[in-house]
Amino acid sequence: MLQLLMSPRTTRTVRGLIGTVADAVRSVLAPATLTEDQAPAVETVPDPADVLTTDELPPVETIETAAREYERAADQARRADRGKRAAKKVLDKLPAGIYGGWKVFRTPSSRQTPDLAEITRIFKANGLGPVPMKDCAPSLKVERVEVAPVVDEVLAAAAA
Numbered sequence: 075m076l077q078l079l080m081s082p083r084t085t086r087t088v089r090g091l092i093g094t095v096a097d098a099v100r101s102v103l104a105p106a107t108l109t110e111d112q113a114p115a116v117e118t119v120p121d122p123a124d125v126l127t128t129d130e131l132p133p134v135e136t137i138e139t140a141a142r143e144y145e146r147a148a149d150q151a152r153r154a155d156r157g158k159r160a161a162k163k164v165l166d167k168l169p170a171g172i173y174g175g176w177k178v179f180r181t182p183s184s185r186q187t188p189d190l191a192e193i194t195r196i197f198k199a200n201g202l203g204p205v206p207m208k209d210c211a212p213s214l215k216v217e218r219v220e221v222a223p224v225v226d227e228v229l230a231a232a233a234a
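Residue numbers are given in my numbering: position 73 of the sequence shown equals residue 147, and the series is strictly consecutive.
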């Protein structure tokens with residue numbers, strides 16, 4: 075019985091009920107908070123210098139196809155990454171060996187990364203101030219939006 079109460083499904087159900095109760099309380103205390111857009115603001119950055127000019131843009135259909143494919147591939151990558159992390163939780167705990175038809179072992183990485191703790195220590199020891207940092211490249215995001223039908227009516231009227 076305790077296992078039923080502690081299962082992930084039950085936990086989600088309880089969280090859902092708590093959320094419903096919280097929404098009910100908010101609807102009495104502050105009803106406007108339920109209708110306001112509560113999505114966090116997404117910070118945007120300026121376009122990079124090498125973007126296409128207005129004259130160089132491909133047709134909208136090409137852009138829509140690329141955005142659709144990007145969103146599909148990004149979703150597949152997220153799902154694959156979640157599956158990989160879940161499997162890695164089990165495999166990381168295993169000693170090297172052969173398990174069924176699978177060999178589990180570890181190899182040294184060929185990648186390197188700066189040792190920020192050591193760099194910081196050297197900077198402090200020599201009075202060089204804080205370690206210089208630079209921002210990573212901005213992330214490309216795409217999201218589906220509804221196209222206003224007014225635009226189609228304006229184009230039709232302009233063509234007539």
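Backbone N, C-alpha and C define an ideal beta-carbon position, used for all residues, glycine too.
Here the structure is a predicted model, which means the values were calculated and not measured.
Task: Ordered list of beta strand (DSSP E) runs contained in the stretch 123-196, each at least 3 residues - done: Runs found: 171-173, 176-178.
Open item on the list: By the three-class DSSP mapping on this structure, what secondary structure does K198 have?
Closed with: helix
Open item on the list: Taking the straight line between their C-alpha atoms, what separation do you get for K158 and P188?
Closed with: 26 Å
- [ ] Indicate the three-state DSSP secondary structure (helix, strand or coil) for A115 in the structure shown.
- [x] Annotated three-state conformation of A115 is coil, per DSSP.
TODO: Inspect the CB distances between the stretch 138-153 and the stretch 206-221 and report whether three or more fall short of 8 Å.
DONE: yes
Task: Straight-line Cα distance separating R185 from N200 - done: 28 Å
- [ ] Identify which residue in V219, P120, T194 has its Cα closest to the Cα of M207.
- [x] When each option's Cα is compared against that of M207, the closest is T194.
TODO: Rounded to whole angstroms, what's the CA-CA distance from G203 to V119? Just pull it up for me.
DONE: 28 Å
Open item on the list: Does G203 come out as helix, strand or coil in the three-state DSSP assignment?
Closed with: coil
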